[in-house]
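S.K.: To start, I am sharing the structure in question, which I have written as structure tokens.
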Amino acid sequence: MNRRKIRDGVYWMGAVDWERRLFDSLIPLPDGTSYNAYLVEGTEKVALLDTVDPPKIDTLLSQLAGVPKIDYIVSHHAEQDHSGSIGPVLEKYPGAKVVATPRGKGMLIDALAIPEEAFLTVEDGEQLSLGGKTLRFIHTPWVHWPETMVTYLEEEHILFSCDFFGSHIATSDLYVTDEGRVEEAAKRYFAEIMAPFRPQIEKNLEKLREYDIQMIAPSHGQIYDRPAFIVDLYREWVSAPPKNLVVIPYVSMHGSTDKMVKHLAAALVDRGVRVELFDLSVTDIGRLAMALLDAATIVVGTCTVLVGPHPLAAYATLLANALKPKARFLSIVGSYGWGGKAVETLAGMIPNLKVEVLDPVICKGAPRETDLKALDDLAAAIAHKHEQEQLA
Ligand code: FEO
Numbered sequence: 000m001n002r003r004k005i006r007d008g009v010y011w012m013g014a015v016d017w018e019r020r021l022f023d024s025l026i027p028l029p030d031g032t033s034y035n036a037y038l039v040e041g042t043e044k045v046a047l048l049d050t051v052d053p054p055k056i057d058t059l060l061s062q063l064a065g066v067p068k069i070d071y072i073v074s075h076h077a078e079q080d081h082s083g084s085i086g087p088v089l090e091k092y093p094g095a096k097v098v099a100t101p102r103g104k105g106m107l108i109d110a111l112a113i114p115e116e117a118f119l120t121v122e123d124g125e126q127l128s129l130g131g132k133t134l135r136f137i138h139t140p141w142v143h144w145p146e147t148m149v150t151y152l153e154e155e156h157i158l159f160s161c162d163f164f165g166s167h168i169a170t171s172d173l174y175v176t177d178e179g180r181v182e183e184a185a186k187r188y189f190a191e192i193m194a195p196f197r198p199q200i201e202k203n204l205e206k207l208r209e210y211d212i213q214m215i216a217p218s219h220g221q222i223y224d225r226p227a228f229i230v231d232l233y234r235e236w237v238s239a240p241p242k243n244l245v246v247i248p249y250v251s252m253h254g255s256t257d258k259m260v261k262h263l264a265a266a267l268v269d270r271g272v273r274v275e276l277f278d279l280s281v282t283d284i285g286r287l288a289m290a291l292l293d294a295a296t297i298v299v300g301t302c303t304v305l306v307g308p309h310p311l312a313a314y315a316t317l318l319a320n321a322l323k324p325k326a327r328f329l330s331i332v333g334s335y336g337w338g339g340k341a342v343e344t345l346a347g348m349i350p351n352l353k354v355e356v357l358d359p360v361i362c363k364g365a366p367r368e369t370d371l372k373a374l375d376d377l378a379a380a381i382a383h384k385h386e387q388e389q390l391a
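Each residue of the sequence shown is one higher than the one before, counting from 0 in numbering that gives the first Met the number 0.
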């Protein structure tokens, strides 16, 4: 795609990655993604805000073909999908300065071996005039790396937010046109990438309150010309209490754990508790991450493999621990053939979770009446806890 005008002297640049299906060798991208860069032209200076993932450098260079000079390359974030092409852009514009936070400078030197003299570091709140266009740099640490910052274009009231408020969507629509679709994509993005940093994001949201933001231009997905839409969603995801929802990631080899999970789910629904089940042998991990964002209770279902939990159950448990969801309760259900330590192993994998662990239900072989009764008791205990916490 060619560059696209947003305002006089302000352009979207970058690349839409329609084919990409996995990020960081971990995160599913069902809708592709984009790497948005932006060009801001003042009367005296020109700034490029972010670059693109290295495989897309030819797209960015073709968009820069008619741009005779770049004075500043603003790096909001050292991750490669935004900064990985700084080298080739610097080669084209050898006089340009790379603008970054002090911490960002160190990380860019580590990752890209950019020479120290190429940098201009900026402090929190520092301004840079391009002539009629003023960039104000706002440090937003841990959104989602320690060095991250955003840029506020004062005259146009545009916030260039990089990953903050981003969504993985490949589209030719420059602006948000379908808020429902974007809400789902942005929630998936938040759940997978931002969720572990909810306290820091809350602080950064507060920090942005003082700015009159009329447009948010992230570095993934579409531009928000109604910023309240995404800011309000972020406030909810960061600080709203969990919902009256039990998320059950599970895996079953011969049907016993599957039977237990289905029985537990039915017992919960009978007691007015919503459930979401994820068969880990086929599930989209991004959807599980989104559900974890809302869940008040997590129940991991696992069969036993070589005396431990099934590796897929261990993976889901590690993921939940890493994402630090708001969940307040956790339990484990499952089965074994002749012995095992699945519960002990999984229980040792959740040091980050501030949860009350409810009595697990583990059966030998196929579940019997006593096991099903224990699952009913677990459902009743969960429903009671949710009621006590007044979860909606
Ligand atoms: Fe889009 Fe953290 O990189």
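Built from N, CA and C at the ideal position, the CB exists for glycine as well.
Distance, Cα to Cα, Phe22 vs Met289?
M.R.: If you take the alpha carbons of Phe22 and Met289, they lie about 16 Å apart.
S.K.: Would you report the Cα separation of Tyr151 and Thr139, rounded to the nearest angstrom?
M.R.: About 12 Å.
S.K.: I need the boundaries of the beta strand (DSSP E) containing Lys242, first residue and last residue.
M.R.: Unbroken beta strand (DSSP E) run through Lys242: 242-250.
S.K.: How long is the line joining the alpha carbons of Glu122 and Ala378, rounded to whole angstroms?
M.R.: Approximately 52 Å, taken between the alpha carbons.
S.K.: Is the beta carbon of Gly333 less than 8 Å from the beta carbon of Gly300?
M.R.: In this structure, Gly300 lies closer than 8 Å to Gly333 by Cβ.
S.K.: Mapping DSSP to helix, strand and coil, what is Pro350?
M.R.: Reduced to three states, the DSSP call for Pro350 is coil.
S.K.: Under the three-state reduction of DSSP, which class applies to Asp376: helix, strand or coil?
M.R.: If DSSP states are grouped into helix, strand and coil, Asp376 belongs with the helices.
S.K.: Going by CA-CA distance only, name the one from Val272, Tyr174, Leu287 that's closest to Asp278.
M.R.: When each option's Cα is compared against that of Asp278, the closest is Leu287.
S.K.: DSSP has Arg135 in a bridge; who is on the other side?
M.R.: Its beta-bridge partners are Gln126, Tyr151.
S.K.: Are the beta-carbon atoms of Thr32 and Ile168 separated by less than 8 Å?
M.R.: Yes, they are a contact pair.
S.K.: State the DSSP-derived secondary structure class of Asn35, mapped to helix, strand or coil.
M.R.: In the structure shown, Asn35 sits in a strand (DSSP, three-state: E or B).
S.K.: For the beta strand (DSSP E) that contains Lys363, what are its first and last residues?
M.R.: From DSSP, the beta strand (DSSP E) with Lys363 extends over 360-363.
S.K.: Output needed for Asp30: all residues of its chain with C-beta closer than 7 Å, excluding positions within five of it in sequence on either side, in chain order.
M.R.: For Asp30, where only same-chain residues beyond five positions count, the Cβ hits under 7 Å are His167, Ile168, Ala169, Ala184.
S.K.: Would Leu317 be called buried (16 or more neighbouring beta carbons within 10 Å of its own) or exposed?
M.R.: It is exposed - the Cβ of Leu317 has fewer than 16 other Cβ atoms within 10 Å.
S.K.: To the nearest angstrom, how far is it from the Cα of Asp211 to the Cα of Leu129?
M.R.: The straight-line gap from Cα to Cα measures roughly 20 Å.
S.K.: With three or more C-beta pairs closer than 8 Å as the rule, is the stretch 214-223 touching the stretch 5-14?
M.R.: With a cut-off of 8 Å, the stretch 214-223 and the stretch 5-14 count as touching, because enough Cβ pairs lie within range.
S.K.: According to DSSP, is Ile192 part of a helix, a strand, or is it coil?
M.R.: Looking at Ile192 - three-state DSSP - the assignment turns out to be helix.
S.K.: To the nearest angstrom, how far is it from the Cα of Leu402 to the Cα of Ala190?
M.R.: This structure does not reach residue 402, given that the chain is present from 0 up to 391, and the question cannot be answered.
S.K.: Contact between the stretch 171-188 and the stretch 263-282: three or more CB pairs below 8 Å?
M.R.: Result no; under three Cβ-Cβ pairs closer than 8 Å.
S.K.: What is the rounded straight-line gap between the Cα of Ala117 and the Cα of Gly86?
M.R.: C-alpha separation (whole angstroms): 11 Å.
S.K.: Beta-carbon separation of Arg208 and Ala382 under 8 Å?
M.R.: No, the pair does not count as a contact, with Cβ atoms beyond the cut-off.
S.K.: Between Leu374 and chain B, is any beta-carbon pair separated by less than 8 Å?
M.R.: Checking the listed chains, one finds no chain B in this structure; it contains a single protein chain.
S.K.: Nearest CA to the CA of Gln62: which residue from Asp70, Asn35, Ser74, Asp80?
M.R.: Gln62 has its Cα closest to that of Asn35, out of Asp70, Asn35, Ser74, Asp80.
S.K.: Return yes when the Cβ of Gly94 is within less than 8 Å of the Cβ of Pro53, no when it is not.
M.R.: For Pro53 and Gly94, no; Cβs fall outside 8 Å.
S.K.: Could you give the C-beta distance for Arg273 and Leu244, rounded to a whole number, given that I count them as a contact under 8 Å?
M.R.: About 5 Å separates the two Cβ atoms, so the contact holds.
S.K.: Applying the criterion that 16 or more other CB atoms from any shown protein chain within 10 Å of the CB defines a buried residue, is Thr296 buried or exposed?
M.R.: Buried.
S.K.: What three-state label does DSSP hand Leu158 in the structure shown?
M.R.: In this structure, Leu158 counts as strand in the three-state DSSP scheme.
S.K.: Can you tell me whether Val142 is buried or exposed? The criterion is at least 16 other CB atoms within 10 Å of its CB, across all chains shown.
M.R.: Val142 should be labelled buried.
S.K.: Assuming Gly300 is part of the beta strand (DSSP E), what are its boundary residues?
M.R.: Looking at the DSSP string, the run of the beta strand (DSSP E) that includes Gly300 is 294-301.
S.K.: Does the distance between the C-beta of Asp80 and the nearest non-hydrogen atom of the ligand FEO fall short of 7 Å?
M.R.: True, at least one ligand heavy atom lies under 7 Å from that Cβ.
S.K.: Locate the alpha helix (DSSP H) running through Lys4, then write down its first and last residues.
M.R.: Not the alpha helix (DSSP H): Lys4 falls in the beta strand (DSSP E), residues 3-6.
S.K.: From the DSSP secondary-structure annotation, give me the bridge partner or partners of Pro308.
M.R.: Bridge partners of Pro308: Thr303.
S.K.: Should the stretch 335-353 be called in touch with the stretch 231-238, which here means at least 3 C-beta pairs below 8 Å?
M.R.: Flag = no, the stretch 335-353 and the stretch 231-238 do not touch.
S.K.: Can the beta-carbon of Phe136 be found less than 8 Å from the beta-carbon of Leu48?
M.R.: Not closer than 8 Å, so no.
S.K.: For the beta strand (DSSP E) that Thr200 lies in, which residues bound it at each end?
M.R.: Checking the sequence, you will find Ile at residue 200 rather than Thr. Per DSSP, Ile200 belongs to no beta strand (DSSP E); it is in the alpha helix (DSSP H), 197-207.
S.K.: Closer than 7 Å: is that where the CB of Ser61 sits relative to any heavy atom of the ligand FEO?
M.R.: False, no ligand heavy atom lies under 7 Å from that Cβ.
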